[in-house]
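Under the working numbering, think of the first position of the sequence shown as 1254, with each following residue one higher. Positions of the beta carbon are idealized from the N, C-alpha and C atoms, including for glycine. Remember, it's a predicted structure, so these values are computed and weren't measured experimentally. Report on the structure given below.
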Amino acid sequence: MDPAEMTLDQLWEAEGEAPERTPFDPSLLADQPEPMRRYLEHAIAPGTPLARAVRLEMEGEIKLGDRWRPFEAEQVIRWDRGFIWKADTKMAPGVHVKGSDRLVDGVGAMDWRLLGFVPVMSASGPDIARSSAGRLEAETIWLPSVLLDDDVRWRVEDGEHLQVAVHVAGDEGRLRFTLGDDGRLTSVELPRWGDPEGANFHLVPFGGIVEAEDTFEGYTVPTKVRVGWYFGRDRFETDGEFFRAQVTRLRYR
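Given below as structure tokens:
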């Protein structure tokens, strides 16, 4: 199937890697640094089956131009295949832009249409794929079980900060987690390939602030986030932040 044509349901149900969902055993982390244990033991309850996919429902606001617009969205993340984010954005009463962002089997694409059929924005190619890989790397915050994989590398900066290296579609994401005393995630950041200035793609500081969390099927993950470019700099607040979301439902498999 053409990755650009795959639906949310097809990605959720698609064949792929299907390792046994072994229960999470915190004792396996006994030799790991304390901040890493604190984060993972907060995020995953003992005995929780280790998931390889998550399906999310969310709502919030997205900044288009200089205005914030309400949206509703659903997303599937399959760690072995990629993600599809499908959204409906209200531009005015009765006027909606609908479409999706995706990275499936290494192919990145964006396709957005006014009223569901008039093309508004579409893009694909290597730059879109690399930028989408960065997004998926950041969204491991909703699928923390994959951070237990053997190819994930952890480095402790101090008691509040962890560096986590993950790999998506040939890209290495260098995440930086900020933790609370109880292990909860308060922010995530990484250098992400993008073109927020609309000129040329390059690595740009990107990240999100976690304002709330909740527990679903044994996973305690962020449910209210503020996300944007130029993370950690004054520009984040002035013109970098573009996404505010409240996650309302998560399902794991």
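Please determine, among Glu-1294, Arg-1427, Trp-1265 and His-1414, the residue with the shortest C-alpha to C-alpha distance to Arg-1406.
Answer by Cα proximity: Arg-1427.
C-alpha gap between Lys-1339 and Asp-1364, whole angstroms
Whole-angstrom Cα-Cα distance: 10 Å.
Proximity to Phe-1469 [Cα-Cα], best of Ala-1296, Asp-1284 and Asp-1333:
Scanning Ala-1296, Asp-1284 and Asp-1333 for the CA closest to the CA of Phe-1469 turns up Ala-1296.
Shortest alpha-carbon distance to Gln-1285 belongs to which of Thr-1301, Val-1457, Arg-1479 and Leu-1415?
Residue Leu-1415 holds the alpha-carbon nearest to the alpha-carbon of Gln-1285 among Thr-1301, Val-1457, Arg-1479 and Leu-1415.
Element boundaries [beta strand (DSSP E), containing Trp-1265]:
Taken as a continuous stretch (DSSP letters only), Trp-1265 belongs to no beta strand (DSSP E), being part of the alpha helix (DSSP H) at 1261 to 1266.
Using only alpha-carbon positions, find the residue among Asp-1492, Arg-1308 and Arg-1437 that is nearest to Glu-1450.
Its Cα nearest to that of Glu-1450, the residue Asp-1492 stands out among Asp-1492, Arg-1308 and Arg-1437.
With a CB to CB cut of under 6 Å and the five nearest residues on each side skipped, what residues in its chain are close to Thr-1501?
Cβ neighbours of Thr-1501 beyond the five flanking positions: Glu-1310.
Integer Cβ distance of Arg-1305 from Val-1329, believed to fall under 8 Å
With a Cβ gap of about 12 Å, Arg-1305 and Val-1329 do not count as contacting.
For Val-1480, collect the residues of the same chain with a Cβ closer than 6 Å to its Cβ; drop the 5 residues on either side in sequence, then sort them by chain order.
The answer, listed in chain order, is Gly-1461 and Phe-1496.
Can you check the stretch 1289 to 1342 for any beta strand (DSSP E) of at least 3 residues that lies completely inside it and give the ranges in chain order?
Within the stretch 1289 to 1342, the complete beta strand (DSSP E) runs of at least 3 residues are 1306 to 1317 and 1320 to 1331.
Only counting the same chain, and skipping five residues up and downstream in sequence, which positions put a Cβ closer than 8 Å to that of Leu-1282?
If we look at Leu-1282 and ignore the five residues flanking it on each side, its Cβ neighbours are Met-1289, Arg-1290, Leu-1293 and Glu-1294.
Around the C-beta of Phe-1370, are 16 or more other C-beta atoms found within 10 angstroms, so that it is buried, or is it exposed?
Exposed, since its Cβ has fewer than 16 Cβ neighbours within 10 Å.
Who are the near neighbours of Asn-1453 in its chain, counting only those whose CB is closer than 7 Å to its CB and skipping five residues on each side?
Excluding residues within five positions, none has a Cβ falling inside 7 Å.
Flag this pair as yes or no: are the beta carbons of Leu-1438 and Phe-1336 separated by less than 9 Å?
With contacts defined as CB atoms closer than 9 Å, Leu-1438 and Phe-1336 fail to qualify as a contacting pair.
Helix, strand or coil for Ile-1386 per DSSP?
Correcting the residue identity first, residue 1386 is Ala in this sequence and not Ile. Helix, per DSSP.
Just the Cα atoms here: how many angstroms apart are Val-1399 and Asp-1319?
Linking Val-1399 to Asp-1319 through their CA atoms gives a straight-line distance of about 36 Å.
By Cβ distance below 8 Å, which residues in the same chain neighbour Asp-1435 in space, the five residues on each side in sequence not counted?
Within the same chain, and ignoring the five residues on either side of Asp-1435 in sequence, the residues whose Cβ sits closer than 8 Å to its Cβ are Arg-1291 and His-1295.
With a threshold of 6 Å on Cβ separation, who are the neighbours of Asp-1341 within its own chain once the five nearest residues in sequence on each side are excluded?
Cβ within range, chain order: Glu-1325, His-1349 and Lys-1351.
On the DSSP bridge list, what partners appear for Ile-1462?
For Ile-1462, the pairing in a beta bridge is given by DSSP as Ser-1440 and Arg-1479.
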